[in-house]
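Chains V and D, in that order, are what the protein sequence lines are. One point on numbering: in the working numbering, the residue at position 59 of the first sequence is 59, and numbering is uninterrupted. One point on numbering: in the working numbering, the residue at position 37 of the second sequence is 1037, and numbering is uninterrupted.
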Amino acid sequence: MTALPLILTVFVACAVEAIEALTIVLAAGLTREWRSTFQGMAAALVVLAAIVGVLGPTITLLPLTALRLVVGALLAIFGLQWLRKAILRASGYKALHDEASAYLREVAAAKAAPEVRKRGVSDWYAFTLAFKGVLLEGLEVVFIVITFGANQRNLGAAAIGAAIAVVVVAVTGVAVRAPLAKVPENALKFAVGIMLTSFGTFWGAEGAGVTWPGNDAALLVIVPLVALVSLGYTAWLRRGRPAIAAPTPATNAMTDSEEVTGR
Amino acid sequence: MMRALKSFGAFWYDFVIGDDWHVAALVVAALAVTALLTHVARVNAWWLLPLAVFAALAWSLRRATSGKN
């Protein structure tokens, strides 16, 4: 497999996470103060870089078969969670993810919080909000970079895909100074779920000892097949329920782990 | 200390497993059966994991939309 599909997959997955981190950083920076927000962001980036620095080289030391089995299983499970939520959103069982309303929620909470000086940081709330936002969204980026990069024995290409995504989103965010609500985030999440599930299935089965018909070319069948089945499930669920039009906290009736993982 | 450990475990559980542990259990079981078929019975069971993945997704969606999860 060439590096291009790897870079593209990591780019799209990381762009989605970067958009969500940007929403939180903008809410903290514009509502509270930028200095503490940047400090929180920088602290999170240092932690994420340390995780990549330690885990990246360590995981590539594993034998390829074991690596593919473990990473394939993790990616398939992780990808299925993305896909499950994307299908529930697309079929109207769960409110669509909306950066504009997420931003308004963060702004309301940021305005209500008191200003506390702590550990040399002038606004502890802005610091922790930016730190947690960037760290949590970044962890998914790190997971995707390490799993995809290690499996392809090309951590550099995966890191390039992630870095381009973060830079593109950051530059766009600085330019418009608003959450990137016009990006088709729900469609992107659907696509990321398909890619994670497909690669996880491919690598997991290889790690279990399977030889795919056509070797790497099997991915050209697996990815469209996962997409087709997912769209089929969406259509099947849609028949039983009309789509939710306006995403508000009240319509997000299903409890989920989105607040933790950002999926 | 125990509370911190519990929170740490809960975070990683939520991060990897998410809302429905049945999906993870089915994927792991399918991988185990695939490995057994491939190494013990010498069957190149490349078809098993995709089938398990589609079944797990359908099952999980069914559970989510019927209010069981």
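Where is the CB? At the ideal position from N, CA and C, for every residue including glycine.
Range of the contiguous alpha helix (DSSP H) that encloses residue i
i       : result
D:V1040 : Looking at the DSSP string, D:V1040 is not in any alpha helix (DSSP H), and its letter there is neither H nor E.
D:W1047 : No alpha helix (DSSP H) holds D:W1047; DSSP gives it neither H nor E.
V:R68   : L64 to A90
V:G156  : L155 to V176
D:L1005 : M1002 to V1016
V:A187  : E185 to G207
V:L22   : A3 to T31
V:V229  : L219 to R238
D:S1066 : Taken as a continuous stretch (DSSP letters only), D:S1066 belongs to no alpha helix (DSSP H), as it is neither H nor E.
V:L55   : W34 to I59
Listed by chain order, chain V residues near residue i by CB distance under 8 angstroms
i       : result
D:S956  : As displayed, chain D neither begins before 1001 nor continues past 1069, which places residue 956 of chain D out of reach and without an answer.
D:A1004 : Under the 8 angstroms cutoff, chain V gives no residues; its nearest Cβ is about 16 angstroms from D:A1004.
Identity of the residue in the options nearest residue i by Cα
i       : options                               : result
V:C282  : V:P213, V:I222 and V:A191             : Look at the range of chain V in this structure, 1 to 263, and you will see that residue 282 of chain V is not part of it.
V:M159  : V:A49, V:P224, V:T211 and V:I87       : Correcting the residue identity first, residue 159 of chain V is Ala in this sequence and not Met. If we check each option's Cα against that of V:A159, V:A49 comes out closest.
V:R35   : V:V121, V:L83 and V:T197              : V:V121
V:N215  : D:W1046, D:A1052 and D:L1005          : D:W1046
V:E115  : V:A227, V:S230 and V:E33              : V:E33
V:V47   : V:E137, V:P213, V:A76 and V:G232      : V:E137
V:R239  : V:V71, V:S91, V:L139 and V:I144       : V:S91
V:L228  : D:M1002, D:R1063, D:R1062 and D:P1050 : D:P1050
V:V12   : V:L22, V:A187, V:A66 and V:V107       : V:A187
V:V134  : V:A235, V:I7, V:A43 and V:W236        : V:A43
V:G131  : V:G29, V:I7, V:L62 and V:V16          : Here residue 131 of chain V is Phe; the residue named in the question, Gly, does not match the sequence. Residue V:G29 is the option with its Cα nearest to V:F131.
D:L1026 : V:L74, V:S230 and V:V176              : V:L74
V:E106  : V:Y233, V:L55, V:L155 and V:L129      : V:L129
V:A110  : V:G72, V:T65, V:T23 and V:L45         : V:T23
V:G79   : V:F199, V:L55 and V:G156              : V:F199
V:V16   : V:G56, V:A157, V:T201 and V:E140      : V:E140
V:V221  : V:Y233, V:T234, V:T201 and V:A208     : V:T201
V:V210  : V:I164, V:T65, V:I7 and V:L55         : V:T65
V:I77   : D:L1005, D:Y1013 and D:V1033          : D:Y1013
V:A205  : D:T1034, D:V1040, D:A1004 and D:H1039 : D:T1034
D:V1028 : V:V71, V:L219 and V:F127              : V:V71
D:A1055 : D:A1024, D:V1043 and D:N1044          : D:A1024
V:E267  : V:G40, V:K85, V:T58 and V:Y103        : For chain V, the structure presents residues 1 to 263; residue 267 of chain V sits outside this window and is missing.
V:A108  : V:T31, V:G40 and V:L219               : V:T31
Cβ-Cβ separation, residue j to residue i (assumed contact under 8 angstroms), whole Å
i       : j       : result
D:T1065 : V:Y125  : Actually they do not touch by this definition, with Cβ atoms about 38 angstroms apart.
V:A18   : V:V166  : 5 angstroms
V:T9    : V:F148  : 7 angstroms
V:L83   : V:T197  : 5 angstroms
V:V145  : V:V52   : 7 angstroms
V:A3    : V:N154  : 6 angstroms
V:G161  : V:L6    : 7 angstroms
V:V208  : D:L1057 : Here residue 208 of chain V is Ala; the residue named in the question, Val, does not match the sequence. No, V:A208 and D:L1057 are not in contact; Cβ-Cβ is about 19 angstroms, not under 8 angstroms.
9 angstroms Cβ cut-off: residues of chain D touching residue i
i      : result
V:L69  : L1031 and A1035
V:T147 : Here the premise fails: no neighbours, minimum Cβ distance about 11 angstroms.
V:R89  : Within chain D, no residue comes near V:R89; the closest Cβ sits about 11 angstroms away, beyond 9 angstroms.
V:I222 : P1050
V:Y265 : The first residue shown for chain V is 1 and the last is 263, placing residue 265 of chain V beyond what the model contains.
V:Y93  : L1061, A1064 and T1065
Per DSSP, the bridge partner or partners of residue i
i      : result
V:K118 : V:V121
Chain D residues whose Cβ lies nearer than 7 angstroms to that of residue i
i      : result
V:A282 : This structure gives no information on residue 282 of chain V, because the portion of chain V shown stretches from 1 to 263.
V:T197 : V1053
V:T201 : L1049, P1050 and V1053
V:L237 : L1061 and T1065
V:G204 : L1031 and L1049
V:L83  : L1057
Closer than 6 angstroms: residue i CB and nearest the ligand FMN heavy atom
i       : result
D:A1030 : What this structure holds is no ligand at all, so the ligand FMN is not there to describe.
Listed by chain order, chain D residues near residue i by CB distance under 8 angstroms
i      : result
V:L80  : V1023, V1027, V1053, A1056, L1057 and S1060
V:V229 : F1054 and L1057
V:A76  : V1027, L1049 and V1053
V:L139 : F1015
V:A43  : Chain D residues near V:A43: none, gap ~18 angstroms exceeds 8 angstroms.
V:L96  : Under the 8 angstroms cutoff, chain D gives no residues; its nearest Cβ is about 16 angstroms from V:L96.
V:P213 : W1046
Residue i: contacting residues in chain V (beta-carbon distance under 7 angstroms)
i       : result
D:A1045 : V210
D:F1008 : The contacting residues do not exist; D:F1008 stays about 12 angstroms from chain V at best.
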